[in-house]
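Here the protein sequences come in this chain order: D and S.
Under my numbering, the first residue of the first sequence is numbered 1, with each subsequent residue one higher.
Under my numbering, the first residue of the second sequence is numbered 1001, with each subsequent residue one higher.
Please read the structure below before turning to the comments.
There are 2 protein chains.
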Amino acid sequence: MSDLGPRLAIGVDIGGTKIAGGVVDEEGRVLDRERRDTPGADVTDTESVIVEVVTALAQRNAVVAVGIGAAGWIANDRATVLFSPHLAWRHEPLHESLADRLAMPLIVENDANAAAWAEYRFGAAVGQAVVVCVTLGTGIGGGLVIGGVVYRGAYGIACEYGHMTVVPDGRQCACGNRGCLEMYASGRALARDARELAAESPAAAGTLIRLAGSPDAITGPVVTAAAAAGDPVALSICTTMGRWLGRGLANLAAVIDPSMFVIGGGVSVAGDLLLRPAREEFAHSLTGRGFRPVAAVELAAHGPDAGLIGAADLARRHALSR
Amino acid sequence: MSDLGPRLAIGVDIGGTKIAGGVVDEEGRVLDRERRDTPGADVTDTESVIVEVVTALAQRNAVVAVGIGAAGWIANDRATVLFSPHLAWRHEPLHESLADRLAMPLIVENDANAAAWAEYRFGAAVGQAVVVCVTLGTGIGGGLVIGGVVYRGAYGIACEYGHMTVVPDGRQCACGNRGCLEMYASGRALARDARELAAESPAAAGTLIRLAGSPDAITGPVVTAAAAAGDPVALSICTTMGRWLGRGLANLAAVIDPSMFVIGGGVSVAGDLLLRPAREEFAHSLTGRGFRPVAAVELAAHGPDAGLIGAADLARRHALSR
């Protein structure tokens, strides 16, 4: 089929606020894009917007497949969304709902699995034997690529790294448990710690409050921006979060023993402000340190595009393997 | 080769106190045995006893391979022991040391990986898609079989489930960290909790002290025996440990999403005294409960033989695949 030129595929990343689509070539480059607002929590509306995005891209490009990346639990059939945190999908046969409306091969994939795949294929982790990808957004997304294969678990819901309990009876998590890692290492944790400090001491949090406009308006991006500008309070909050991330990585190394960790997602724009304390705490907390190789901890290469790039590439491979 | 009859292999389980060898057939049955004391911490002496055990068994049986299962970190070459907790092996080229003295194909395998393999092939977890095996001895050994393949990690040292940190700044562990799971869910934890209680209140721990002879002589087996006999204090200690085990399983389910957990090792003789609270706490702590299948939690089928059965079977498969 090489005489047909590069086989393009569409990747769609369903976020809580935006639905981003892209046409991706075989080298992981994004050649064309479409973007819409996510229409609230309505399932039918969301699916209609996905169809809109895909149809628009497919009209302008010859594509062989489409991959939908969504936050949530996708069953191992890669067709059913068992549960999605910010959408109304509950045991939703997404593949079935979309297949009739999109005349091309389709897969549904967890967004963090897709991002991990993008980093393994085209990004920070090319050629790595075992890659753990941690996507730091509002919460934590997780992916794992073992020997060039996305690991999904027995039921499709592995790699929920953010829901390892790291503090018994700790902070209440939306999942129902307390003390989940994502309550300490995520954009939500950054914002919460900063707001709590601002409530305790508006003076100490002066820069953060000024940047945000008010204590309640402090967000994760405000904290990372203030830290990047040298605000010592914001730096301290980032360091605390980085250390929790490092402890989480040490737990994952005990279980998975990867050759590389890749840290992506919106919060990873903090770069070394986060990675330096994370690496230090990881090395300090790694069981058996001194008797084992230490996995690399690297920043993701594809930023916010990783999800759609990975979804597209997985869809193309799935379509061409049939 | 079927005209040669069943291909037998030798499995050797190197424990801190005993070296147990067995001849294992293709259905996982142990047909012949040899057993010696582990000669202290001396590397050369230990290797000589391994050779003795294997030689004795090989003289009486036509075997095609030998598998050595050892507690510790075995590099992915399945030849080098990076580190062993109760033996003096540190970057020990065990395969090389033994190969000249044993004229047959040889592999070295982590004992908990071997046990997991035995349960997958011949025991509680036959046909399971993803099996997490937790071996509760003095500490915790861990194994993982994914799609019929032992998962070893990038460097051969995955599945150290006992060294997930579950309590920040918790109990000091021999690995150098604090708060490792095996400080709360292991034979050592059972004995320690019972001794601490006996020191605080000899009256409350009366049955345990009577069974053991003195407070300091209380061991894990004493606690499980007292619990089986209905001693409420021992039952409570087993329940506490079972709950910690359940929390550990919930963390592992978040990361690995197995179809089954198998609980083996010496402490698992406590059976339902341990498994009932473990299952309850697992179901109670599982992230996303209600939206996902719940993995089974089952007792291991092969008890103390699992390590040598698995090591033998892995060695046979390795030898016959070359």
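Quick reminder that beta carbons are idealized off the backbone N, C-alpha and C, glycines included.
Since this is a predicted model, take the numbers as computed values, not measurements.
Ranked by Cα distance from residue 277 (chain D), the options D:249, D:289, D:266 are led by D:249. The beta carbon of residue 1257 (chain S) falls within 8 angstroms of a beta carbon belonging to chain D, placing the residue at that interface.
Per DSSP, the continuous beta strand (DSSP E) segment holding residue 34 (chain D) begins and ends at 30-37.
Residue pairing by DSSP places residue 1076 (chain S) opposite no residue, since no beta bridge is assigned to it. Considering only D:200, D:89, D:60, D:54, the residue with the shortest C-alpha distance to residue 71 (chain D) is D:89. For the options D:309, D:69, D:141, the alpha carbon positioned closest to that of residue 164 (chain D) is the one of D:141.
At a cut-off of 8 angstroms between C-beta atoms, residue 247 (chain D) counts as an interface residue with respect to chain S.
Contact fails between the region 198-206 of chain D and the region 256-275 of chain D, because fewer than three Cβ pairs, one in each stretch, are under 8 angstroms apart.
At a C-beta separation below 8 angstroms, residue 252 (chain D) has these neighbours in chain S: 1255.
At a C-beta separation below 8 angstroms, residue 319 (chain D) has no neighbours in chain S, since its nearest C-beta there lies roughly 23 angstroms away.
Between residue 1163 (chain S) and chain D, the shortest Cβ-Cβ separation is below 8 angstroms. Taking 8 angstroms as the threshold, the shortest C-beta distance from residue 16 (chain D) to chain S does not fall below it. Assignment of residue 1122 (chain S) by DSSP, reduced to helix, strand and coil, places it in the helix class. Counting only unbroken stretches of 4 or more residues, the alpha helix (DSSP H) elements lying wholly within the region 1241-1322 of chain S are 1272-1285, 1306-1320, in sequence order. Between residue 1025 (chain S) and residue 1006 (chain S), the C-beta gap is smaller than 8 angstroms, which places the two residues in contact. If the five residues before and after residue 283 (chain D) are omitted, its C-beta is found closer than 7 angstroms to the C-beta atoms of 289, 294, all from its own chain and listed in chain order.
In the structure shown, residue 1087 (chain S) adopts coil according to DSSP, grouped into three states. For residue 165 (chain D), the beta-bridge partners assigned by DSSP are D:180. For residue 1109 (chain S), the enclosing beta strand (DSSP E) has its first and last residue at 1106-1110.
The Cβ neighbour count for residue 200 (chain D), taken over all protein chains shown within 10 Å, is under 16; the residue is labelled exposed. Relative to residue 1029 (chain S), the option among S:1212, S:1011, S:1182, S:1111 whose CA is nearest is S:1011. Contact between residue 1032 (chain S) and residue 1022 (chain S) is confirmed by a C-beta separation of about 7 angstroms, below the 8 angstroms threshold. Put simply, the CB of residue 229 (chain D) is far from chain S, with every gap to its CB atoms at 8 angstroms or more.
As the crow flies, the alpha-carbon of residue 253 (chain D) is around 12 angstroms from that of residue 245 (chain D). For residue 1153 (chain S), the nearest beta carbon of chain D is closer than 8 angstroms to its own beta carbon. Residue pairing by DSSP places residue 1013 (chain S) opposite S:1020, S:1069 in a beta bridge.
Residues of the region 78-96 of chain D that bring their beta carbon within less than 9 angstroms of a beta carbon in chain S comprise 82, 83, 90, 91, in sequence order. DSSP, read as helix, strand or coil, puts residue 1127 (chain S) in coil. At least one beta carbon of chain D lies nearer than 8 angstroms to the beta carbon of residue 1160 (chain S). Around the Cβ of residue 1320 (chain S), a 10 Å sphere holds fewer than 16 other Cβ atoms; the residue is exposed. In the DSSP assignment, residue 57 (chain D) falls within the unbroken alpha helix (DSSP H) covering 43-60. Remark: C-beta atoms of residue 1066 (chain S) and residue 1118 (chain S) do not approach each other more closely than 8 angstroms. The beta carbons of residue 1198 (chain S) and residue 1215 (chain S) sit closer together than 8 angstroms.
Neighbourhood of residue 285 (chain D) in chain S, by CB distance below 8 angstroms: 1165, 1177, in chain order. In this chain, residue 1147 (chain S) is not harboured by any alpha helix (DSSP H), its DSSP state being neither H nor E.
At a Cβ-Cβ threshold of 8 angstroms, residue 69 (chain D) and residue 311 (chain D) count as neighbours.
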